[in-house]
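Residue numbers (this note's numbering): 27 to 215.
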């Protein structure tokens, strides 16, 4: 009987995973105000691969950029993470919220859709991004708070306008009732 040596090696197949976006750059020419909330164009994120994949939205920067890097907290993505099957696309709404204490300056960032990597160890992830650039104009803190209040009220309308109106109406009615005495009499004729 002759001996045979059989080598068993695991065969690994690499899934075709990737990410594509339909937005190249967002250049905001109007100067933005501190305390303001701005809707940016919707970004379409597509899975060009052959396997289902999970994605996450992030904010990155460019190497050697001269402009300031806005923090991730200034951006709200809806949804911020999601799963896509092969060939599927997910629209992602992007909102830019500039805090009242933001430094007036030029800003630049990379709005990225990345493959969400799960597990431990080294992993290579793919991503695609759109450049966004904007300028925050100088304003005082009162103007920033005023803009923030206006944005808050506009987002919650019509109740945000109706409730203060009713409070003012009740206050005026209370003041008039204390100031003037109202008498109603019936006459018999």
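Even for Gly, the Cβ is constructed at its ideal location relative to N, Cα and C.
Same chain, Cβ closer than 6 Å to residue i, neighbours up to 5 away in sequence not counted
i	result
residue 149	Residue confidence for residue 149 is low, a pLDDT of 49 falling below 50, so the modelled location carries little weight; the figure read from the coordinates is stated next. Contacts found: 143.
residue 264	No answer is possible for residue 264: it lies beyond the span of the chain, which begins at 27 and ends at 215.
residue 179	186
residue 54	160
residue 92	none
residue 104	119
Burial state of residue i (16 or more Cβ within 10 Å)
i	result
residue 199	exposed
residue 187	exposed
residue 183	exposed
residue 222	It is not possible to answer for residue 222, since the shown part of the chain is limited to 27 through 215.
residue 191	exposed
residue 201	exposed
residue 60	buried
residue 72	buried
residue 79	buried
residue 106	exposed
Residue closest to residue i, alpha-carbon to alpha-carbon, out of the options
i	options	result
residue 127	62, 57 and 51	62
residue 86	159, 119, 196 and 125	159
residue 124	116, 212 and 169	169
residue 98	55, 194 and 121	121
residue 68	111, 107, 119 and 55	119
residue 76	42, 130, 129 and 178	42
residue 56	213, 66 and 45	66
residue 140	60, 53 and 83	83
residue 46	214, 137, 164 and 189	137
residue 163	94, 44 and 58	58
residue 52	70, 212 and 157	157
residue 100	44, 129 and 111	129
C-alpha gap between residue i and residue j, whole angstroms
i	j	result
residue 74	residue 152	11 Å
residue 115	residue 109	10 Å
residue 194	residue 203	14 Å
residue 175	residue 161	21 Å
residue 89	residue 155	14 Å
residue 113	residue 49	17 Å
residue 102	residue 196	38 Å
residue 117	residue 64	17 Å
residue 131	residue 205	54 Å
residue 81	residue 44	10 Å
residue 165	residue 189	29 Å
Range of the contiguous beta strand (DSSP E) that encloses residue i
i	result
residue 78	Per DSSP, residue 78 belongs to no beta strand (DSSP E) and is neither H nor E.
residue 99	From DSSP, residue 99 is part of no beta strand (DSSP E); its letter is neither H nor E.
residue 45	Element bounds for residue 45: n/a, residue is neither H nor E.
residue 158	153-162
Cβ shell of residue i (< 7 Å), same chain only, five flanking positions each side left out
i	result
residue 171	61 and 126
Residue i - containing alpha helix (DSSP H), residue span
i	result
residue 137	Where residue 137 is concerned, there is no enclosing alpha helix (DSSP H), although the beta strand (DSSP E) it sits in stretches over 131-141.
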